[in-house]
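Note sheet for the following structure.
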Amino acid sequence: GGNGGEGVGLVKISPVVSEALSRGKAVVALESTIISHGSQGMPYPKNLETAKEVEAIVRENGAVPATIAILDGVPCIGLSTEELERLAIMGTKAQKTARRDIAHVVATRGNGATTVSATMIFASMVGIPVFVTGGIGGVHRHGESSKLFSTDIGTMDISSDLTELGRTPVAVISAGVKSILDIPRTLEYLETQGVCVAAYATNEFPAFFTNKSGCKVPMWTLSHLAPCRADTPEDVARLIGKWDKNITGNAETPFLLSRVNELTGGASLASILDIALVKNNALVGAKIAIALADLRICEGDVDPEH
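Numbering (this note's numbering), first residue to last: -4 to 301.
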């Protein structure tokens, strides 16, 4: 606990998020790397404004936003306005924190901006089933043959996001992976990890800045291979609900976004698109969280009077 929050072990949950969870209301987890490391060329206070706008979209669509970060060694689920501003001012001084970094940041009482994998862990820990982000990491192109330290050893660069998706029961709403990555291998790896991949209102897996990747989102049925498509928030909620019942090289992207900004003469097209995608995903994610909360009430998993 501390600072007015309610804690689960060593995790601090804001009072608003804690109350929403206890009542079975819709809560949407948000990562904090977009505030400190995402969208290169987005300095303070623009990063703070963006974080507030994304949270506002979640609220306007009926859900409770829970931005996640580690502050002074304490994982925080749901940040106050003051905490959001502190993280925004910190910028890249906050450590970009994936699963492997959590222990170090907590043990040293450091400040960490959570990536997809770390945000999923903390969301799952407190029972938040839906998480919204811009895009996820994937399998890098030519990873099996790229040079490492001037040798011919393949780096096999695979984002920890993919393994986290296979081990942590949280639905991640994203714009897919960036087109610079190897999308077919990413989908193959997700299949290996047992991850259910569904496309919202399309049959095609998105490639972040573009909705066309040339890769279908497959799902085996009893008779044939068909796209796993969901056209409404309720469709996605039912998919998550069924899944719930059965569940027993991080510097490259910032460099590329920064380089795009340089080549566009400061137009920051990548930054603008990145923010727009996150905002749209926040809208969709909030609607899905609402539909899932309603579904759980209908199925008796949550007592609405609690």
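Yeah, the Cβ is synthetic: ideal placement off N, Cα and C, and Gly gets one too.
| Would you report the Cα separation of Ile83 and Ser27, rounded to the nearest angstrom? | In the sequence under discussion, the amino acid at residue 83 is Ala, which differs from the Ile named in the question. Answer to the nearest angstrom: the Cα atoms are 9 Å apart.
| Would Cys71 be called buried (16 or more neighbouring beta carbons within 10 Å of its own) or exposed? | buried
| task | Can you say whether His135 is buried or exposed, counting buried as having 16 or more other CB atoms within 10 angstroms of its CB? | result | buried
| request: For the alpha helix (DSSP H) holding Thr92, just list the boundary residues, first then last. | output: Run containing Thr92: none in the alpha helix (DSSP H); it sits in the beta strand (DSSP E), 90 to 92.
| query | Would you report the Cα separation of Leu43 and Asp289, rounded to the nearest angstrom? | reply | 32 Å
| Where do the ends of the alpha helix (DSSP H) carrying Leu157 lie? | 155 to 162
| In the structure shown, what three-state DSSP assignment does Cys293 receive? | helix
| For Lys7, the first and last residue of its enclosing beta strand (DSSP E) | 6 to 8
| task | In the DSSP assignment, find the unbroken beta strand (DSSP E) run with Ile72 in it and report its ends. | result | 69 to 72
| said: Between Val172, Tyr184, Arg81, Arg162, which has its C-alpha nearest Met151's C-alpha? | reply: Tyr184
| field | Per-residue burial, Gln188 [other beta carbons within 10 Å of its own, 16 or more giving buried] | value | Flag for Gln188 reads exposed.
| Beta-carbon separation of Lys282 and Val49 under 8 Å? | Taking 8 Å as the Cβ cut-off, Lys282 and Val49 do not qualify as a contacting pair.
| C-beta atoms of Val231 and Val212 nearer than 8 Å | no
| task | Could you tell me whether the stretch 45 to 63 touches the stretch 84 to 104, where touching means 3 or more Cβ pairs closer than 8 Å? | result | no
| task | Could you pull out every residue in the same chain whose Cβ sits closer than 6 Å to the Cβ of Ala286, ignoring the five residues on either side in sequence? | result | Pro228, Glu229, Ala232
| request: Flag this pair as yes or no: are the beta carbons of Met85 and Ser31 separated by less than 8 Å? | output: yes
| Buried/exposed call for Pro38, threshold 16 Cβ in 10 Å | So Pro38 ends up on the exposed side.
| query | From Phe203 to Val172, what does the alpha carbon distance come to, in whole angstroms? | reply | 5 Å
| query | Ends of the alpha helix (DSSP H) at Val212? | reply | It is not in any alpha helix (DSSP H) - Val212 carries neither H nor E in the DSSP assignment.
| query | What is the DSSP secondary structure of His228, counted as helix, strand or coil? | reply | Correcting the residue identity first, residue 228 is Pro in this sequence and not His. Assignment of Pro228 by DSSP, reduced to helix, strand and coil, places it in the helix class.
| Phe117 and Val6 look like a contact to me (Cβ under 8 Å); what is the Cβ gap, rounded to whole Å? | With a Cβ gap of about 7 Å, Phe117 and Val6 count as contacting.
| request: Take the Cβ of Glu159 as the centre, count every other Cβ of all protein chains shown within 10 Å, and call the residue buried at 16 or more, exposed below. | output: Within a 10 Å sphere around the beta-carbon of Glu159 sit 16 or more other beta-carbons, which makes this residue buried.
| Taking the C-alpha atoms as reference points, what is the distance between Cys293 and Thr197? | 28 Å
| request: In angstroms with no decimal places, state the Cα-to-Cα distance between Val165 and Ser154. | output: 17 Å
| field | Unbroken beta strand (DSSP E) run spanning Ala306, endpoints | value | Any answer about residue 306 is impossible in this case: the structure gives the chain only from -4 up to 301.
| said: Once the 5 residues before and after Ala225 are set aside, which same chain residues still bring their CB inside 8 Å of it? | reply: Ala193, Ala194, Tyr195, Ala196, Val231, Leu234
| said: Let me check one thing: in DSSP terms, what residues is Val167 bridge-paired to? | reply: Phe126
| Cα separation between Met120 and Ala24? | Whole-angstrom Cα-Cα distance: 12 Å.
| DSSP puts Leu25 in a beta bridge; with which residues? | Thr62, Val127
| Does DSSP classify Ala98 as helix, strand or coil? | helix
| Are Ile65 and Gly19 touching if we call contact CB-CB under 8 Å? | no
| Looking only at C-alpha atoms, which of Thr128, Asn206, Ile178, Leu74 sits nearest to Ser13? | Closest in C-alpha terms to Ser13, from the list Thr128, Asn206, Ile178, Leu74, comes Leu74.
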